[in-house]
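Worksheet: the structure to be examined is printed underneath.
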């Protein structure tokens, strides 16, 4: 304690003396040289700032030393108290030793043990004080780190707030853009509906009146023929077919039973014998077919390569010669094709939709027919081995296609006389007007010749 106090006092005295001497020397120099030397003033200010920094550091160090002195004083007090207790115990021991009794010896042992315990407690207290100082230093370091983390978090919060504000601005801009896009979409939809109405009106009036009349007349004729002739014939045919199928089932039941008991095992035996005898022939035939296929493939590939080599120059020349004509035809027909495409676009969409619906319904009906055929084949033992996927698919497709084919044949038989009458009438009209057709043919031929001449001139 005394040495530390002397050291601190000497440091303070030396700093004060140095500061006073420096101030005195600097003031003498300034008085000697004059007030014009700004560099010396700057040095003086720097020295003063250094002195103030040293004084502040010295004051901090003195505070730290005072805190340490207080801690050491507390420790010295505790040591003095413990030493006083030890001295009192030693005095008691001495007094008890002077008495020389056995109880005194026991007390001496107890007191010595107590003294040892007290010394251990003193050491424990010192260790605890050191650990507390270490913990305080660690807590100070943790506090400094926490302050730094808080500063970093504040900076991150500020950056996040800035990004949030920017995102809000962007969201507002996107909302405005979406509103504008929705308005433009509404306008485009209104324009599209108006144009679609115009196009429907145009397409409704696109067909010529004579073709529309013929189509309506043909539809009326088809409806009348269906109601009068085709529908009753179809009903009668379906009734007869159901009756015949019932009769065939009744007739086939005993034959099926006899086939189950007699024919099927005999057929199986014959089939196994045939398979065993035909297996080597099948293997030889398969090997020979593979050899023939490979030989024919090699020979045919050689001839195909030669043909391609021979035909390639002719193909290239034909391509060069036909390219300008093809380009001219494409340029001439492009606007007409676009007009036709625009005119047929709504009809094609409807056709595609109807075709998709037809495919969906056809697939569903085909699957139902496959399930029914498979169940019907599985019912009988004779037809169980025939219930394969390929045969079931073929039979279901045949069941779906046969009614359509029957209707096609029926309609062709009904309407063939009508179409033949119409063809006869057209031939009569053509014989009545041969001159008009000849004139139109001559005019069309002359136009084609002129177009060909113009194309040749351009080339």
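Numbering (our numbering), first residue to last: 1113 to 1571. For every residue, glycine included, the Cβ atom is placed at its ideal position computed from N, Cα and C.
Note that the segment 1433–1451 does not touch the segment 1471–1484; fewer than 3 beta-carbon pairs, one per stretch, sit closer than 8 Å. The residue from 1168, 1235 and 1179 with its alpha-carbon nearest to that of residue 1195 is 1235. In this structure the segment 1337–1350 touches the segment 1510–1526; the number of beta carbon pairs closer than 8 Å is three or more. Contact annotation: the segment 1222–1237 touches the segment 1182–1196, with at least three C-beta pairs closer than 8 Å. In this structure, the straight-line span from the alpha carbon of residue 1287 to that of residue 1306 is close to 28 Å. Counting only the Cα atoms, residue 1390 lies some 10 Å from residue 1384. Below 8 Å, enough C-beta pairs join the segment 1480–1499 and the segment 1362–1378 to call them touching: three or more. Cβ-Cβ distances below 7 Å link residue 1197 to 1230 in the same chain, with the five nearest sequence neighbours on each side left out; the list follows chain order. DSSP places residue 1392 within a helical segment (H, G or I) once states are collapsed to three. Setting aside the 5 residues that flank it on each side, residue 1511 is surrounded in the same chain by 1481 and 1485, each with a C-beta closer than 8 Å to its C-beta; the list follows chain order. DSSP places residue 1371 outside any alpha helix (DSSP H), giving it a letter other than H or E. Cβ-Cβ separation between residue 1256 and residue 1183: approximately 22 Å, too far for a contact (criterion under 8 Å).
Separation of residue 1441 and residue 1426 (C-alpha to C-alpha, rounded to the nearest whole angstrom) is 22 Å.
Around the CB of residue 1504, 16 or more other CB atoms lie within 10 Å, so the residue is classed as buried. Contact check for residue 1223 against residue 1204 passes: the beta carbons are separated by less than 8 Å. In this structure, residue 1265 sits away from residue 1226, with a CB-CB distance that is not shorter than 8 Å. Counting every other CB atom within 10 Å of its CB across the protein chains shown gives residue 1474 a total below 16, marking it as exposed.
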